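Peer 1: Here the protein sequences line up with chains G and X, keeping their order. Numbering (my numbering) for the first sequence: 160 to 270. Numbering (my numbering) for the second sequence: 7 to 123. Take a look at this one; I'll ask things after.
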Amino acid sequence: EAQVTQNPRYLITVTGKKLTVTCSQNMNHEYMSWYRQDPGLGLRQIYYSMNVEVTDKGDVPEGYKVSRKEKRNFPLILESPSPNQTSLYFCASSLSGYEQFFGPGTRLTVL
Amino acid sequence: AQSVSQHNHHVILSEAASLELGCNYSYGGTVNLFWYVQYPGQHLQLLLKYFSGDPLVKGIKGFEAEFIKSKFSFNLRKPSVQWSDTAEYFCAASAPMFSGGYNKLIFGAGTRLAVHP
Numbered sequence: 160e161a162q163v164t165q166n167p168r169y170l171i172t173v174t175g176k177k178l179t180v181t182c183s184q185n186m187n188h189e190y191m192s193w194y195r196q197d198p199g200l201g202l203r204q205i206y207y208s209m210n211v212e213v214t215d216k217g218d219v220p221e222g223y224k225v226s227r228k229e230k231r232n233f234p235l236i237l238e239s240p241s242p243n244q245t246s247l248y249f250c251a252s253s254l255s256g257y258e259q260f261f262g263p264g265t266r267l268t269v270l
Numbered sequence: 007a008q009s010v011s012q013h014n015h016h017v018i019l020s021e022a023a024s025l026e027l028g029c030n031y032s033y034g035g036t037v038n039l040f041w042y043v044q045y046p047g048q049h050l051q052l053l054l055k056y057f058s059g060d061p062l063v064k065g066i067k068g069f070e071a072e073f074i075k076s077k078f079s080f081n082l083r084k085p086s087v088q089w090s091d092t093a094e095y096f097c098a099a100s101a102p103m104f105s106g107g108y109n110k111l112i113f114g115a116g117t118r119l120a121v122h123p
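Structure (structure tokens):
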């Protein structure tokens, strides 16, 4: 089954404790993105990747890092999480950059 | 800056009522438009998309949307809603100039639809 998976689905952590949210897709897509969803703001792009080892900042990259060492994986790293990063995070992948397929989401709470 | 605006943040309807959710985008060139739906506790799913051709686009679950270039609009419609349509709906636009080559999706803020039996 074609899908985008994320782990963990729910995470509660404390300020400053490094964390990684994994994202994996099995569709051989070149494009992958991370979004955060906040009430009243819709989805905003954090980082995107056009291919292995090619990543770039989206609209709200501050406080986040990503890597793309393999085509299927695109982890999101929060080196020192802060409460303003409490949000719902979605990973997405796309063959062309147009239509994107979304993962199930990761609800992160930073205390 | 390029943007997508959704006019209604919350909509409450009774079953069988007709639905129209407004969406406007700010880019004047060639643009691809999407409506995504997010059911409670679930991830975003594509409802329909417009790339070119017939401006009236039909999607899944009886939804349709009309692209009106002169109005920069892509409104979502459904003639008769059901309780199961309760969800959040996001309009999104994608165009090359949004990020200098990569077709990034720009999302609207979303519209929460509640359908009462």
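Think of the CB as a built atom: it goes at the ideal place given N, C-alpha and C, for glycine as much as any other residue. A quick note: this is a predicted structure, and the numbers were derived from the prediction, not measured.
Starting from the beta carbon of G:F233, find every residue of chain X whose beta carbon is closer than 8 angstroms, and list them in chain order.
Peer 2: As a working note, residue 233 of chain G is residue 74 in the first sequence. By Cβ distance, chain X contributes nothing, its closest Cβ being about 14 angstroms from G:F233, past 8 angstroms.
Peer 1: Do you know offhand how far X:K84's Cα is from X:S90's?
Peer 2: Taking the second sequence and counting its residues from 1, the one referred to as residue 84 of chain X is at position 78. Taking the second sequence and counting its residues from 1, the one referred to as residue 90 of chain X is at position 84. Taking the straight line joining both Cα atoms gives about 13 angstroms.
Peer 1: Quick one: Cα of G:Y257 to Cα of X:S100, how far?
Peer 2: Position 98 of the first sequence, counting from 1, holds the residue named residue 257 of chain G. Position 94 of the second sequence, counting from 1, holds the residue named residue 100 of chain X. Between G:Y257 and X:S100, the C-alpha separation is close to 7 angstroms.
Peer 1: Around the C-beta of X:A120, are 16 or more other C-beta atoms found within 10 angstroms, so that it is buried, or is it exposed?
Peer 2: Position 114 of the second sequence, counted from the first residue, corresponds to residue 120 of chain X. X:A120 is exposed by the Cβ-count criterion.
Peer 1: Within 7 angstroms: the Cβ of X:S79 and any heavy atom of the ligand MN?
Peer 2: The ligand MN is not part of the structure shown, which contains no ligands of any sort.
Peer 1: Using the DSSP secondary-structure output, state which residues sit across from X:E94 in a beta bridge.
Peer 2: Sequence index remark: in the second sequence, residue 94 of chain X carries index 88 (1-based). According to DSSP, which records beta bridges pairwise, X:E94 is partnered with X:Q44 and X:R118.
Peer 1: Cβ closer than 9 angstroms: which chain X residues qualify as neighbours of G:Q204?
Peer 2: Position 45 of the first sequence, counted from the start, is the residue given in the question as residue 204 of chain G. Under the 9 angstroms cutoff, chain X gives S105, K110, L111, I112 and F113.
Peer 1: Using a Cβ-Cβ distance under 8 angstroms, would G:P263 count as near chain X?
Peer 2: Here residue 263 of chain G corresponds to residue number 104 of the first sequence, with the count starting at 1. Taking Cβ atoms only, chain X reaches closer than 8 angstroms to G:P263, which makes this a yes.
Peer 1: So if I threshold CB-CB distances at 9 angstroms, which residues from the segment 12-24 of chain X count as touching chain G?
Peer 2: Flagged, chain order: Q12 and H15.
Peer 1: For the beta strand (DSSP E) that contains X:H49, what are its first and last residues?
Peer 2: Translated into the one-based positions of the second sequence, residue 49 of chain X becomes position 43. Where X:H49 is concerned, there is no enclosing beta strand (DSSP E), given that its DSSP letter is neither H nor E.
Peer 1: Just verifying my parser: in three-state terms, what is the DSSP assignment at X:N81?
Peer 2: The sequence position of residue 81 of chain X within the second sequence is 75, counting from 1. Strand.
Peer 1: Measuring CB atoms only, is the segment 8-23 of chain X touching the segment 50-69 of chain X, in the sense that at least three cross pairs come out at less than 8 angstroms?
Peer 2: Taking 8 angstroms as the limit for Cβ pairs, the verdict is that the segment 50-69 of chain X does not touch the segment 8-23 of chain X.
Peer 1: For a contact defined as C-beta to C-beta under 9 angstroms, what are the partners of X:K55 on chain B?
Peer 2: The chain labelled as chain B is not found among the protein chains of the depicted structure, namely G and X.
Peer 1: Please confirm whether G:L254 has its beta-carbon closer than 8 angstroms to some beta-carbon of chain X.
Peer 2: As a position in the first sequence, residue 254 of chain G is number 95, starting the count at 1. Cβ-Cβ to chain X under 8 angstroms: no for G:L254.
Peer 1: Figure out for me which residue from X:F57, X:F113 and X:A93 has the closest Cα to the Cα of X:Y45.
Peer 2: Counted from its first residue, the second sequence places residue 45 of chain X at position 39. Closest by alpha carbon: X:A93.
Peer 1: Considering only the alpha carbon of each residue, which of G:T174, G:W193, G:V173 and G:E189 lies closest to G:C182?
Peer 2: Walking along the first sequence from the start, residue 182 of chain G turns up at place 23. Cα-wise, what sits closest to G:C182 is G:W193.
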